[in-house]
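Engineer:
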Amino acid sequence: MTLIPELEVLDGFYNADEGDRIFRHLLHEHQWPDNRYNVAGRQFILPRQQTWHADPGIRYSYSNNLLQTRPWTPMLSEIRSHVEMHLNFLFNSVLVNLYRNGNDYVGWHSDNEPELGEQPFIASLTFGTERQFQFRHKQSSANGQILLRSGTLLIMQPAFQQHWLHSLPIDQSVTEGRINLTFRKVIPLAL
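Read left to right, the sequence shown gives residues 389 to 579 (the numbering used here).
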């Protein structure tokens, strides 16, 4: 399904049984760190839990917060290969987010950090409970939302980050967890 040219949704990229298996594995076997981080000497609590996995030498930061790079796990490598084969595109990193319930969220943003280059191509996989993914145009009043179900692959074409903001808002009716994997290709920047 294509909603806008820059966004494509593939429902059922993983079937329900496989999606449930992956969700349970990541929820119980993945090592989730403390969700506190520092910006300008002040400590904040991230409204979700996350880990960053990448090929050797790949570093990534957002909001001036350098993420600790972890190696690929066997499960993440398996999923990465499946996504890469389907999209015919190679990724070198994945951001793994755990939204424990509807109080966990991510605010309006674009994934437009310099490390992602001028035209970032991002593949986002959802496992667990369904949540609303919202998007709004940066210049016009255009907006929309997509209900992302477990096993859905959301493809953000390069122009999406240029023209649109997106978020996963608070939804207090949601009592179950959701895990999201956003595969990216980070461009190593000169130090």
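Note that beta-carbon positions come from the ideal geometry of N, C-alpha and C, so glycine has one too.
1) For Phe599, count the other beta carbons within 10 Å of its own beta carbon; 16 or more makes it buried, fewer makes it exposed. Which is it?
2) What separation, rounded to the nearest whole angstrom, lies between the Cα atoms of Ala442 and Asp405?
3) Return the chain-ordered list of same chain residues with a C-beta closer than 6 Å to the C-beta of Gln545, the five sequence neighbours on each side being excluded.
4) Candidates Asn568, Lys573 and Phe548: which alpha carbon is nearest Leu415's?
5) What residue from Gln437, Glu506 and Arg412 has the CA that sits closest to Arg424's CA?
6) What residues match up with Arg525 in a beta bridge as DSSP calls it?
7) For a test of the three-state rule: what should DSSP assign to Leu455, helix, strand or coil?
8) Return the CA-CA distance between Glu501 and Trp420, expressed in angstroms with no decimal places.
9) Measuring CB to CB, does Leu556 end up less than 9 Å from Val494?
10) Just how far apart, CA to CA, sit Val574 and Tyr448?
11) Quick check on DSSP: helix, strand or coil for Ser469?
12) State the DSSP-derived secondary structure class of Ala547, mapped to helix, strand or coil.
13) Out of curiosity, what's the CA-to-CA distance linking Asp559 and Gly505?
14) Return the bridge partner residues of Ile392 from the DSSP annotation.
15) I'd like the list of long-range same chain contacts for Leu542, defined as Cβ closer than 6 Å, with 5 residues on each side in sequence excluded.
16) Looking at the secondary structure, which residues open and close the alpha helix (DSSP H) in which Phe479 lies?
17) Any idea which residues DSSP pairs Ala511 with across the strands?
18) Specify, as a first and last residue, the run of the alpha helix (DSSP H) that Phe411 falls within.
19) What number of angstroms, rounded off, separates the C-alpha of Gly516 from the C-alpha of Leu536?
20) According to DSSP, is Leu464 part of a helix, a strand, or is it coil?
Structural biologist: On the basis of the data shown:
1) Residue 599 cannot be examined here, being either before or after the span of the chain that is shown, 389 to 579.
2) Taking the straight line from one Cα to the other gives about 27 Å.
3) The residues are Glu394.
4) When only C-alpha atoms are compared, the closest one is Asn568.
5) Relative to Arg424, the option among Gln437, Glu506 and Arg412 whose CA is nearest is Gln437.
6) Note on identity: in this sequence residue 525 is His, with Arg being the wrong assignment. According to DSSP, His525 bridges with Trp552.
7) Secondary structure at Leu455: coil, using DSSP grouped into helix, strand and coil.
8) When rounded, the distance between both Cα atoms is 24 Å.
9) Yes, Cβ-Cβ distance for Leu556 and Val494 is below 9 Å.
10) Roughly 7 Å separates the two Cα atoms.
11) DSSP places Ser469 in helix when its eight states are reduced to three.
12) It is helical.
13) So the two alpha carbons sit approximately 32 Å from each other.
14) Beta-bridge partners assigned by DSSP to Ile392: Leu395.
15) For Leu542, the CB contacts under 6 Å within the same chain, skipping 5 residues up- and downstream, are Val397 and Ser512 in chain order.
16) Premise fails: Phe479 is in no alpha helix (DSSP H) and is neither H nor E.
17) For Ala511, the beta-bridge partners assigned by DSSP are Ile543 and Phe571.
18) Residues Ala404 to Glu417.
19) Between Gly516 and Leu536, the C-alpha separation is close to 10 Å.
20) Leu464: helix per DSSP, three-state reduction.
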